[in-house]
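Trainee:
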Amino acid sequence: MYEQQTSFVDRLVREKERKEITSVSRTTAWQLEKLGLYPKRRKLHPTSDAVCWLLSELLEWVQAREIADGGHHE
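Heads up: the sequence shown at position 41 corresponds to 136 in this note's numbering, and the numbers run straight through without jumps.
(1) Around the C-beta of tryptophan 156, are 16 or more other C-beta atoms found within 10 angstroms, so that it is buried, or is it exposed?
(2) Provide the residue(s) that pair with valine 119 in DSSP beta bridges, ordered along the chain.
(3) Could you check where the alpha helix (DSSP H) with valine 157 kicks off and where it finishes?
(4) Can you list, in chain order, the residues of its chain with a C-beta nearer than 6 Å to that of arginine 137? Leave out the 5 residues immediately preceding and following it.
(5) Does the distance from the CB of lysine 111 to the CB of serine 120 come in under 9 Å?
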């Protein structure tokens, strides 16, 4: 029997989209990241200061937050 699977292609997310996805300010994200409570940023290139996040990690973080607060949003 054939079982259809949904595939997900992960991608990199820059700051503007990261904020839209998580609704967390840059400062708060940085503070949470330092505490190990937020997905870690990644450098786009070793010689650049530009950073990004994996979409899958941001989506997992948002989902975990929704579960933790019982689906209630401010």
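All residues carry an ideal CB built from backbone N, CA and C; glycine is no exception.
All values derive from a computational prediction rather than experimental measurement.
Mentor: Well, looking at it:
(1) For the purposes of this step, residue 156 is taken as the residue at position 61 of the sequence shown. Tryptophan 156 should be labelled buried.
(2) Mapped onto the sequence shown, residue 119 falls at position 24. Note: valine 119 sits in no beta bridge, so no partner.
(3) To locate residue 157, count along the sequence shown from 1; it is residue 62. Looking at the DSSP string, the run of the alpha helix (DSSP H) that includes valine 157 is 150-163.
(4) The sequence position of residue 137 within the sequence shown is 42, counting from 1. Within the same chain, arginine 137 has close Cβ partners Cys147.
(5) Counting from 1 along the sequence shown, the entry for residue 111 is found at position 16. Counting from 1 along the sequence shown, the entry for residue 120 is found at position 25. No.
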